[in-house]
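Working notes, structure below.
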Amino acid sequence: MKSLSLMSAGLLLSLAACGPSDPPVAPPETESETAAELDTALHDDIENGRAIVVENCTSCHAVGPDGESPRTDAPPLRYALSGLSAEALSDNFREGIHVGAVDMPDFDFGPRGTASVVAYIQSIQEAPPAETE
Ligand code: HEC
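Quick note on the numbering used here: the sequence shown kicks off at 268 and runs consecutively.
Dropping the structure here:
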C-alpha cells in the first residue's frame, strides 16, 4: 500500500515535470532516500518472512496469494488477519502463546523472524470470501 502510493506520487511528479513550461522539479532528496530505505527494509522482512512461512506453514496452510489450504481446517494465511490483528498475532508468536489448532506446532522465530512472518502475512492479506466465516 505504502510503496504503491509512493510510486503513484512519483508518477504524478514525473508527469507534472513533463509540462512544456514547467521548470524541472527537484526531487526532495533526503525524504525520498529515507522512504526508499524503509521500503527496502520492509521488502527484506517480507522476503525473509515468505521463506520462513513457505518452509514452516505450507504443510497445513495455503501460504500464497491464492490456492486452498492442504488442511481444510487451517485458514489460508491470506485470510488469517481477518479475525485477528497483526499486533495480536505477533504478540502471540513472540510470547510463545499458542496460535491456531491444538496440533499446530509452536513456533519461535525470534523478534526479527516474527516481524518478518507477520509482515509477509500482512502483505498477502485479502478479505475472505463472503461464504467463509
Ligand atoms: C500442523 C498443521 C499446521 C501448521 C504446520 C501450521 N498451522 Fe497455522 N493453523 C492450523 C490449523 C488447523 C488452524 C486452525 C485452528 C482453529 O481455527 O482452531 C491454524 C490457524 C492459524 C492461524 C489463525 C489463528 C487464529 O487465532 O485465528 C494463524 C495466524 C496461523 N495458523 C498461522 C500459521 C503460521 C504462520 C504457520 C507457519 C509458521 C502455521 N500456522 C503452521 C494448522 C497448522
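Each residue gets a CB set at the ideal place from its N, CA and C atoms; glycine is no exception.
Inter-segment contact for the stretch 355 to 367 and the stretch 304 to 312 is absent: fewer than three beta-carbon pairs are separated by less than 8 Å. Environment of ligand 1, chain-ordered: Ile319, Val320, Asn323, Cys324, Ser326, Cys327, His328, Arg338, Asp340, Ala341, Pro342, Leu344, Ala347, Gly350, Leu351, Leu356, Val366, Gly367, Ala368, Asp370, Met371, Pro372, Phe374, Val384 and Ile388, taking every residue with Cβ within less than 7 Å of a heavy atom.
Shown here, arginine 361 sits in a helix according to DSSP, grouped into three states. By the neighbour-count criterion, in which 16 or more other beta carbons inside 10 Å mark a residue as buried, threonine 301 falls on the exposed side. The residue from Ser383, Tyr387, Leu344 and Ser352 with its alpha-carbon nearest to that of proline 395 is Leu344. DSSP places glutamine 389 in the uninterrupted alpha helix (DSSP H) bounded by 377 to 390.
A residue is called buried once 16 or more other Cβ atoms fall within 10 Å of its Cβ, and serine 349, having fewer, is exposed. When C-alpha distances from alanine 397 are compared across Tyr346, Asp373 and Ala382, the shortest belongs to Tyr346.
Here threonine 381 is buried. Its C-beta has 16 or more other C-beta atoms within 10 Å. Here alanine 303 is exposed, its C-beta having fewer than 16 other C-beta atoms within 10 Å. If you ignore the 5 residues before and after glutamine 389, its C-beta comes within less than 8 Å of the C-beta of Leu348 and Ala353, all in its own chain and listed in chain order.
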